[in-house]
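Structure first, commentary second.
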Amino acid sequence: MNVARQILALTAVGLRSVPHRRGNSAVIVIGSTCVVAVLLSVLAMATGFERTIQADARPDRVLVITNGMDTEGSSSLSRENVDVIQAAPGIKRDSAGKAMVSAEVVLVAPVVRRNGADAYLTLRGSGEQLMQVRSELRLVAGRMFRPGLHELVIGQAAQQQFRGLDLGKVIRLYDGDWTIVGMFAAGDSVRESEAIADATTVMTAYQLSAYNSTTALLTSESSFAIFSQALQRDPSLKVSVMREPDYLAMVSGYVHRWLKSVAYLIGGIMGIGALFGALNTMYSAMASRQSEIATLRALGFSPAAIVISIVLEAVLLSLVGAFVGIGMAYTAFNGQAINTLGGSLWDTQVVYTLSVSLPLVLLAIALVGSIGILGGLLPAIRSIRSTIADALRVP
Amino acid sequence: MNSFTLAWANLWRKPVRTVLTALSIAMAFLLIGLLQGVNAGFSEAIAKARRDVLTTDPRLRGSPPMPIAMMEQIRKVPGVADVAPRSYFMGDYRTPYTIAAIATLPRTWFKLRRQFRVEESALQAMQRTRNGMLVTPALMKQFGWKVGDQLTLRSRELKADGSGDWSFEIVGVFEALIDPDNAFFTLIDYSYLDEARITNRGTVDRFFVRITDPERSIATATAIDALFTNSSHQTRTRSDQDRAEAESKRMGDIGFFTNAVLGAVLFMMLFLTANVTRQSFQERISEFGVLKALGFSGGACLRLTLAESLSVYLLAAGAGLGLASMLTPFAREIHSAVHVTGAVYLRGMTLALALAIASAAIPCWQAYRLPVAGALSARIS
Chain A
1209 MNVARQILAL
1219 TAVGLRSVPH
1229 RRGNSAVIVI
1239 GSTCVVAVLL
1249 SVLAMATGFE
1259 RTIQADARPD
1269 RVLVITNGMD
1279 TEGSSSLSRE
1289 NVDVIQAAPG
1299 IKRDSAGKAM
1309 VSAEVVLVAP
1319 VVRRNGADAY
1329 LTLRGSGEQL
1339 MQVRSELRLV
1349 AGRMFRPGLH
1359 ELVIGQAAQQ
1369 QFRGLDLGKV
1379 IRLYDGDWTI
1389 VGMFAAGDSV
1399 RESEAIADAT
1409 TVMTAYQLSA
1419 YNSTTALLTS
1429 ESSFAIFSQA
1439 LQRDPSLKVS
1449 VMREPDYLAM
1459 VSGYVHRWLK
1469 SVAYLIGGIM
1479 GIGALFGALN
1489 TMYSAMASRQ
1499 SEIATLRALG
1509 FSPAAIVISI
1519 VLEAVLLSLV
1529 GAFVGIGMAY
1539 TAFNGQAINT
1549 LGGSLWDTQV
1559 VYTLSVSLPL
1569 VLLAIALVGS
1579 IGILGGLLPA
1589 IRSIRSTIAD
1599 ALRVP
Chain B
108 MNSFTLAWAN
118 LWRKPVRTVL
128 TALSIAMAFL
138 LIGLLQGVNA
148 GFSEAIAKAR
158 RDVLTTDPRL
168 RGSPPMPIAM
178 MEQIRKVPGV
188 ADVAPRSYFM
198 GDYRTPYTIA
208 AIATLPRTWF
218 KLRRQFRVEE
228 SALQAMQRTR
238 NGMLVTPALM
248 KQFGWKVGDQ
258 LTLRSRELKA
268 DGSGDWSFEI
278 VGVFEALIDP
288 DNAFFTLIDY
298 SYLDEARITN
308 RGTVDRFFVR
318 ITDPERSIAT
328 ATAIDALFTN
338 SSHQTRTRSD
348 QDRAEAESKR
358 MGDIGFFTNA
368 VLGAVLFMML
378 FLTANVTRQS
388 FQERISEFGV
398 LKALGFSGGA
408 CLRLTLAESL
418 SVYLLAAGAG
428 LGLASMLTPF
438 AREIHSAVHV
448 TGAVYLRGMT
458 LALALAIASA
468 AIPCWQAYRL
478 PVAGALSARI
488 S
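Protein chains in written order, with our numbering: chain A, 1209 to 1603; chain B, 108 to 488.
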């Protein structure tokens, strides 16, 4: 019998005896189920968050902010600055020759969470070219706001997550009530967690004289260099120009890294705990099968085949747990919408859906697989170290 | 010989098993300690925050600053003891270093912000020197400044003469009692700033209000906000405690996950240890038979089984929680609010006690009921 066939035969024998060691085997299964379920759900938050932030980010869309500032909120661009930016080369223009540029202000709008706690949404004042610049915006209910009136439109993710943001309802801002006249979808991007109104109207209401940022759509991705250099050369401007994906990665990096490190910390500690559990189980299993294993060796099975079949058994049990855990995390959390800090301003909320993706599933399987290998290997090696005669003599 | 001595001896019957079980329990309680530590950190901040100091801000951030004239109106509200205004001033010191200054009425401000301490002589020097500045020791050290130094900050805030260069004289230091190593800011006189600047003159961005009766903080806050409901400067007045509480709630739905993780860990541990206890009990049924034959009562056998579970659980949980508190400085890199307090230890050990009892419940019962003859004839393993 070659080694491969020996392994197959031995694993089959081992697995058939699993029902006789129900409690012990279930420890491995349940341990890996818990590790996988927890690791996946926390990582699903990180992935969902990143996916939302980067959704619809376009490399041919650029953000202009004050040099040295790292977010829209702390940046400030005067009306003159915006005029200069609009005239720069490389910007896409509509049929009437108007530059596809939106000069924006970002403020906060107070909302109430489902649990009654206060929170803030980003309130974005946008230019009249908004719909050209952000072609992913699509009005799904009501109508667009009219400049000059106290009107705003709200993203559908925000509308679903927070209380009292239905069409026709009002949000109390600095100078009075603003009516929600429309609701928009934005391809699940972070815009859907925002409220948008007319920039000039917002600036008048808040007595602001400067914009925060300017977003421009370029003729193509390769126009970035021309556009950026033109702005850098202009002595009246002190700005930095960033491609949209780069900017979003930069501002959301902190929260994203935070979620990820929490996931790995929790998953790691739980994984080590589960490893000890698996070792325990396999040591007991080996102890109770000592004479059986010795008999197999006496019959001529190779030690390598015995070790491998034991490790395989541990790995298979872990994988059963992993699949249960994946199933639990997937049915309970995949696609569920939650909101946390991480919006366009430092304390505004972003709404996103948890996403249990394939790479995460593979990662979880790899982790649990290694727990199985480690948990099976040490006990397996110990089980073949004693001499056959000694092992057979164990009552 | 009490049951713990015997239990202790029994635990080392299979040392590998006991050590592995203890290690997995310790890991679980390390995680429980850290997760609970996050909640404890928030609750502690909330409990420590004072209720006798309110802050009045514009109702919406981004709104224009509030007129200083509101200070007199707030002072007249019944229950208000003191009011201090605050404006921020930012200026570049030998570009690229930006220095932040709190412009306020220093004497009143220090009475309200107890997390900062200043010497009386420094306050007197501020009164004598119009462009005086108080600096935290950390900032003094960073730039090698000393009391008496003159410095010029270049600000976007322009003075009446059109220049953005503001000169200050360092007249003393003030200490931050919380995290002093990271306190890099200064304090200047509000009237010096306000009389010289051309934009936002006569405005402040926040009022600190001390009230006489902390029990009436909500009523007083409501009374202050009611003053300005119909003005163009609506306000939002909250106690420090409210603000700390809002801070913890803003973390959002993540709190739900903390509890879910805890649930998963507890379930896993309960199952794992219950299995080990069951197994080690079954292997020793005949030993229990001997004990019973020697005259040990059912209760004594029950206590023995329970004592084994308790000693492993409590020792390992204590080690795990201790590890959590040792790892707190690293955990703070990820979440600044982690604090493994006495309450966390207490809750952790209570959980350990509950888990120890729950995981040993069935073997305990079996040990209690075990018939001597049947046990003695059980297969010796």
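Glycine residues also receive a C-beta, built at the ideal position from the N, C-alpha and C atoms. Just so it is clear, the structure is predicted and the values come from calculations on it, not from any experiment.
Listed by chain order, chain B residues near A:Phe1484 by CB distance under 8 Å: Leu127, Thr128, Leu130, Ser131, Met134, listed in chain order.
C-alpha gap between A:Ile1480 and A:Leu1582, whole angstroms: Between the C-alpha atoms of A:Ile1480 and A:Leu1582 there is a straight-line separation of about 11 Å.
Sub-9 Å separation of B:Val447 and B:Gln180 beta-carbons: No.
CB of A:Leu1562 within 9 Å of CB of A:Thr1255, strictly: Contact annotation: A:Leu1562 and A:Thr1255 have beta-carbon atoms nearer than 9 Å.
C-alpha distance - A:Arg1213 paired with A:Ile1579, whole-angstrom precision: Taking the CA atoms as reference points, A:Arg1213 sits about 25 Å from A:Ile1579.
Sequence-distant residues of its chain with Cβ nearer than 7 Å to A:Arg1321 (five each side left out): Closer than 7 Å at Cβ, skipping near neighbours: Ala1327, Phe1370.
Touch test, the stretch 1483 to 1497 of chain A against the stretch 1515 to 1527 of chain A, Cβ-Cβ under 8 Å, three pairs minimum: Result yes; three or more Cβ-Cβ pairs closer than 8 Å.
Partners in chain B for A:Ile1238, counting only beta-carbon separations shorter than 7 Å: Correct list: Met375, Phe378.
Residue nearest to A:Ile1388 in terms of C-alpha spacing, selected from A:Gln1557, A:Met1411, A:Glu1336, A:Val1319: The residue among A:Gln1557, A:Met1411, A:Glu1336, A:Val1319 with its C-alpha nearest the C-alpha of A:Ile1388 is A:Val1319.
Separation of B:Ser339 from A:Thr1548, as counted between CA atoms: One Cα belongs to A:Thr1548, the other to B:Ser339, and the distance between them is close to 31 Å.
Span of the alpha helix (DSSP H), counted from its first residue to its last, around B:Gly429: Element bounds for B:Gly429: 405 to 433.
Continuous beta strand (DSSP E) stretch holding B:Ala191: start and end: That run of the beta strand (DSSP E) goes 187 to 200.
Three-way DSSP call (helix, strand, coil) for A:Asn1323 in this model: Coil at A:Asn1323, not helix or strand.
Beta-carbon proximity check, B:Thr83 vs B:Ala328, cutoff 9 Å: Outside the displayed span of chain B (108 to 488) sits residue 83 of chain B, for which this structure offers no information.
Contacts around A:Leu1525, its chain only, beta-carbon distance under 6 Å, and the 5 residues preceding and following it disregarded: Close CB contacts of A:Leu1525 within its chain, under the 6 Å cut and outside five residues either way in sequence, are with Ser1233, Ile1236, Val1237 (chain order).
Where A:Ala1296 falls: helix, strand or coil (DSSP): Correct three-state label for A:Ala1296: coil.
Distance, A:Pro1453 Cα to A:Pro1267 Cα: Distance between the alpha carbons of A:Pro1267 and A:Pro1453 is about 6 Å.
Coil, strand or helix - A:Ile1238 by DSSP: Helix.
Distance between A:Thr1330 and A:Val1459 (C-alpha atoms, nearest Å): Computed Cα separation, rounded: 14 Å.
Buried or exposed by the 16-neighbour rule on C-beta atoms within 10 Å, applied to A:His1464: Buried, because 16 or more other Cβ atoms sit within 10 Å of the Cβ of A:His1464.
The stretch 128 to 135 of chain B touching the stretch 1522 to 1541 of chain A, judged by at least three CB pairs closer than 8 Å: Because the criterion of three Cβ pairs below 8 Å is not met, the stretch 128 to 135 of chain B and the stretch 1522 to 1541 of chain A do not touch.
Range of the contiguous alpha helix (DSSP H) that encloses A:Thr1409: 1407 to 1413 is the span of the alpha helix (DSSP H), which, as asked, contains A:Thr1409.
Those residues which DSSP pairs with A:Leu1269 across a bridge: It is Arg, not Leu, that sits at residue 1269 of chain A in the sequence shown. DSSP output for A:Arg1269 lists A:Leu1425 as bridge partner(s).
Three-state secondary structure assigned by DSSP to A:Arg1601: DSSP, read as helix, strand or coil, puts A:Arg1601 in helix.
Local Cβ density within 10 Å of B:Ala474, reported as buried at 16 or more and exposed below that: It is buried - the Cβ of B:Ala474 has at least 16 other Cβ atoms within 10 Å.
Endpoints, the alpha helix (DSSP H) within which A:Thr1548 is located: For A:Thr1548, no alpha helix (DSSP H) segment is defined; the enclosing uninterrupted segment is the beta strand (DSSP E) at 1545 to 1549.
C-beta atoms of B:Ser346 and B:Val160 nearer than 9 Å: Cβ atoms of B:Ser346 and B:Val160: closer than 9 Å.
Environment of A:Glu1490 [buried if 16+ CB atoms lie within 10 Å]: Residue 1490 of chain A is actually Met in this sequence, not Glu. Burial call: buried.
Neighbouring residues, chain B, relative to A:Ile1518 (Cβ below 7 Å): Correct list: empty, because the minimum Cβ distance to chain B is about 16 Å.
Beta-carbon contacts of B:Thr259 that lie in its chain and below 6 Å, excluding the five residues immediately before and after: Correct list, in chain order: Asp272, Ser274.
DSSP-derived helix/strand/coil call for A:Phe1541: Residue state, collapsed to three classes: helix.
Contacts of A:Gln1415 in chain B (Cβ-Cβ under 7 Å): Ordered by position in chain B, the residues that pass the 7 Å Cβ test against A:Gln1415 are Pro171.
Min CB distance B:Arg385 to chain A below 9 Å: B:Arg385 has a beta carbon lying within less than 9 Å of a beta carbon in chain A.
Three-state secondary structure assigned by DSSP to B:Leu445: At residue 445 of chain B the sequence reads Val, which differs from the Leu that was named. The three-state reading of DSSP puts B:Val445 in coil, since its state is none of H, G, I, E or B.
Minimum Cβ-Cβ distance from A:Leu1600 to chain B less than 9 Å: Closer than 9 Å: no.
Three-state secondary structure (DSSP) of B:Tyr452: DSSP places B:Tyr452 in helix when its eight states are reduced to three.
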